[in-house]
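First the structure, in the form of structure tokens, and then the observations on it.
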Amino acid sequence: MTTFTFLFSSCSTKEKKRFVIGVSQCSEDVWREKLNEELRIAALYYNNVKLDIKSANDDVKMQTQQIDAFVNEDVDLLIVAPGQVSISPAIDRAYEKGIPVIIFDRRTRSDKYTAYIGADNRKIGSDMGRFLASAGVSDVVELCGLSSSSPAIERADGFESIANGKNKINLVKKLYADWTEKGAYHVVDSMLSATPPHFTCIFAHNDRMAVGARKACQKHGLDISRIRFCGIDAMPEEGGGMQLISEGKLFASYTYPTRGDEVMQLAMNILTGKKYERENLLASALVTHENASVLLMQYDETVRQQSRLATLRSRVDKAASDFQTQRVYLIILVSFLILLIVACALAVNAYRTKALINRKLKEAVKRQEQLTKEIEDMTQRRLQFFTNVSHELRTPLTLIAGPTEQLLEDPTVKAPHRSMLEMIHRNTHLLLQLVGEILDLRKVQTNKAELVLNRFDLQKALTLWSEDFRTIAIRRKLTITVDTSTVKEEPIIIADRDKISHVFFNLMSNALKYTPKGGSINISLAYTNHTYTIKVSDTGKGVAKDELPRLFERFYQARGAEGGTGIGLSIVKAFVELHKGEVHGESEEGKGLTIVVSLPDSQPGYDPAKDVEEKPTAEKGLIDDNYVTTSISAKESAERITNAEDFDHDRPLVLIIDDNDGMRSYLHSILKQKYNISEAANGKEGLEKARREVPKLVICDVMMPVMDGLEFTRQLKADTATCHIPVILLTARSLTEQREEGYGTGADSYLTKPFSGSVLLARIDNLLRSRSMLRSIFSGSTEEKEEEKSLNTLDQTFIGRLREVMQKNMGDSEYSVERLGTDVGLSRVQLYRKVKALTGQTPVELLRKARLEKAKKLLIKTERSVAEIAYEVGFTSPSYFNKCFKDEFGMSPGESR
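Taking our numbering, the leading residue of the sequence shown gets 758, the next gets one more, and so forth.
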């Protein structure tokens, strides 16, 4: 693996380009092409260099854009041959960004560059002047480059320094062109087309312009053999200055070196941090007819050597490429071998692991089978025990139901005892029903349930059974409809009449429970392909789609279920499947639930001789009416008036919250002798009533729809208006962690069902008497602070806010209880009942006491009159102030000084 890593890393490092050098050429010509080629050849010696060469074609705007593009690309170094001095701002921007800048060939107006390399143009101009003076040239036309170009400026300065000196050179004309042959031709042509001066020599600032000037003279028929044409550059290439001198077309030129190798060396010195000179002048020489041939031969030899070097470099590159390819193949081969070895090792390890896992899995399966058998045995024992207990319950329940019925038949038993007996009778029958369902379910589970087959009219049976629900439907303002219009023939079915009636009653009880006031329940019967389909639809809240598949599971209750045990629908499913039928639910949340029962029209084994004709009737006790959502506002309004804040001064208001109507009735009967009663059917409704009425105490069930008791308590204790109200939770959940959860929400007491009425009364009395009241909130005494510490955090905050608002507005004699309630964020009723519960005083009494406390302090600490102090603390009459002060402190204001 180490070898593989080494080979791979060596492969990944092949010729990585580390430095990017941008080259901006001002134009394209033979001289610059030679320079570019020399730069490329020199870059071959540095494997970590990438060259990016761009030409502006003598366009200053284009060159500016190219330099800015290089800057945006974050090149490592920039080489610029400025077309004109106006290019300086672009070069300055690159330099200021931290990019090293090499100025080559031409200079700019700015000194913001890293290094300069190029020939000494001023020296070239002066050397050409001395040469022409020594050659006896007298009348000279100087043909300059662009007037804004630094080489043109410097060459002219050098030449004119000689011409204007003691030498016998007469500068008859100074012309400017654009460095090109065509531009020079037009400039000289224009001069000759006018009145030309006398001249024997044309000195052009480069060889191309000298050629253009020569052609213009030829055009005008001048004797070019008598005119000496001189230039600068002396390029050795085909058509360059050296060849023209050798051919006699030019009189002289001056080498203007490209030296791309030295430019690249300078760039690498800068990039690698080596020492370099800021100003680098390249050597140059005069070229005449005497040395032109020798220089051309040297150039040809140099070209041949460079060609050989390029060939060698190409071969080296190819060898390196071949080596790299071979190394890649080697790496692939080694990688394959390593992967093969690893794969073999993994396969061996996987085989061993699989064998170990299989062994452990067999052991786990064996343990699981043993555990499953133990669980099944334990479950069967539990179910058997449950069944035995259910059987045993029937005897005491019968002994309760029988005497209760006899007492109800006695006309001497009057209300309220009769209503209590009716409650006992109804709930006893519901327990008998539950016990019966448990036993039926047990029979189905143990395959002991059998069908007692009857032949009967299903349409008539459904109509009769539904009539038994009319009374309760009318009381709840519900509509029940039976639709059998699609059944054309007499709907005779062979089935177990009792079990089908049980199925129907369970479905109707479920529909009644969840259908709101003003809703409807629709029963429909259809017959197709020897199958009867019964649908029971309601307009209740419906069931979520994800819960529909579990609707018929044993003991399962959907979210928001209102009471029940979760057995009814599982009995429906068991009895329907016993008939080889099917049952399922269809629902959309908020749009009701439809239960669809499909039953075959006959069952095998029917014996007409054993069929007993029986009229289908409903057993009234099977209908659980405890979870009926009834309106209790009218009943409460008839019993008490709540428009006064202190209506429960002698009989404290207790709010009962339970979704079971029977439980609310029972609690009401226990508490009505000592307390005013308010009722709510769920936590949401109860919370609204608690905030509106602010009761002295709340009794709340835990398991309720819409909002359960725990959430109700949590929200009640989080509201400033109600956080002081004690809460007693009633529940059948008796585990320690369940009690802890109840107390964790802020509940003050926890009673487990079943409970004693006397215990509940004692618990209520203790909670109301144990509510500590604040004797004062304005004295500032240690006792006052200790009393406040006994309050919960919200009540402490409320008392602090109440004290602050009262003290702030104490001097306002028109400050009312309504304004006080608005300032602390409570209604008049909420403020009155909360302040009375915490302090035992009304808000008016508390405000008056606060004013008197402040007045007493002012009487002791100041010399102001009693009347002044009375007005300052908000009393409108000194005499009334004197009376109140004496009632509060037992002395007159004057005596307190």
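Cβ coordinates follow ideal geometry from the N, Cα and C atoms, glycine included.
For the candidate residues I1556, S1426, G1276 and A1627, whose alpha-carbon lies nearest to that of S1176? Among I1556, S1426, G1276 and A1627, the Cα nearest to that of S1176 is on S1426.
Check whether the segment 780-795 touches the segment 1004-1020, taking contact to mean three or more Cβ pairs, one atom from each stretch, closer than 8 Å. yes
Between T1296, F1309 and V1340, which has its C-alpha nearest G1347's C-alpha? T1296
Could you round the C-beta distance between Q1671 and L1208 to whole angstroms and report it? I think they count as a contact, below 8 Å. The displayed coordinates of the chain run from 758 to 1654. Any statement about residue 1671 would go beyond what the structure contains.
7 Å CB neighbourhood of D1214 in its chain, flanking five on each side removed: Once the five neighbours on either side are set aside, the close Cβ partners of D1214 are E1247, P1248 and I1249.
Beta carbon of I874, beta carbon of V1091: below 8 Å? no
S1344 versus G1362, V1353 and D1364, residue with shortest Cα-Cα distance: V1353
With a 10 Å radius around its C-beta and 16 neighbouring C-beta atoms as the bar for buried, classify N814 as buried or exposed. By the neighbour-count criterion, in which 16 or more other beta carbons inside 10 Å mark a residue as buried, N814 falls on the exposed side.
Helix, strand or coil: which one does DSSP assign to E1467? Contrary to the premise, residue 1467 reads as Leu rather than Glu in this sequence. If DSSP states are grouped into helix, strand and coil, L1467 belongs with the helices.
Using 10 angstroms around the beta-carbon of R985, count the other beta-carbons present and answer buried if the total reaches 16, otherwise exposed. Result: buried.
G1651 in three-state terms, based on DSSP: Here G1651 sits in helix by DSSP.
Between the Cα of G969 and the Cα atoms of S982, A941 and F960, which residue gives the shortest distance? A941
Quick test of your reading: D1225 and S1281, contact by CB under 8 Å. State the CB separation rounded to the nearest angstrom. By a beta-carbon distance limit of 8 Å, D1225 does not contact S1281. Their separation comes to about 18 Å.
Closest to F1008 by C-alpha separation, out of A1112, K791 and A967, would be which residue? A967
Could you please give the first and the last residue of the uninterrupted beta strand (DSSP E) stretch that includes I824? Here I824 belongs to no beta strand (DSSP E); instead the alpha helix (DSSP H) covers V817 to N829.
Would you decide whether I1237 is buried or exposed? Buried here means 16 or more other CB atoms lie within 10 Å of its CB. buried
Assuming Y942 is part of the alpha helix (DSSP H), what are its boundary residues? In the DSSP annotation of this structure, the continuous segment of the alpha helix (DSSP H) that includes Y942 starts and ends at E938 to S950.
Own chain partners of S1041 with C-beta closer than 7 Å, once the 5 adjacent residues on each side are dropped: A876, I881, Y1011, T1012, Y1013 and P1014
Compare the C-alpha of R1526 against each of P1483, A1489 and F1555 and name the closest. Residue P1483 is the option with its Cα nearest to R1526.
State yes or no: is the beta carbon of K1217 nearer than 8 Å to at least one beta carbon in chain D? Looking at the structure shown, chain D is missing, and only one protein chain is on hand.
For D1407, which three-state DSSP category applies? coil
K1618, enclosing alpha helix (DSSP H) - first and last residue: From DSSP, the alpha helix (DSSP H) with K1618 extends over P1600 to K1618.
May I have a chain-ordered list of the alpha helix (DSSP H) segments no shorter than 4 residues that lie completely inside the segment 964-1006? 964-976 and 998-1003
My parser needs the beta strand (DSSP E) runs of 3 or more residues fully inside the segment 1017-1068; what are they? You should have 1036-1039.
Does H1046 pass the burial test, meaning 16 or more other C-beta atoms within 10 Å, or should it be called exposed? Exposed is the call here.
Cβ pair I1414, C1480 closer than 8 Å: no
Rounded separation between S1634 and A1624 - CA only: 8 Å
Stretch-stretch touch, CB-based, cutoff 8 Å, three pairs: the segment 1060-1077 with the segment 883-893: no
Using alpha carbons as the reference points, say which of S883, I910 and S904 lies closest to S918. S883
Hey, which unbroken runs of the beta strand (DSSP E) at 3 residues or more fall wholly within the segment 1263-1338? Runs of the beta strand (DSSP E) lying entirely within the segment 1263-1338 and spanning at least 3 residues, in chain order: 1277-1285 and 1288-1295.
Under a three-way DSSP split, which group does T1241 fall into? coil
Since E830 contacts S812 with CB under 8 Å, what's their CB separation in whole angstroms? So it is not a contact: roughly 17 Å between Cβ atoms.
Within 8 Å, do at least three Cβ pairs link the segment 1438-1445 to the segment 1466-1478? yes
Quick one: Cα of A847 to Cα of E853, how far? 10 Å
Excluding five sequence neighbours on each side, which residues of the same chain lie with their C-beta closer than 6 Å to the C-beta of L1356? Excluding residues within five positions, the ones whose Cβ falls inside 6 Å are Y1289, H1336 and G1338.
In whole angstroms, what is the alpha-carbon distance linking G1275 and R1232? 10 Å
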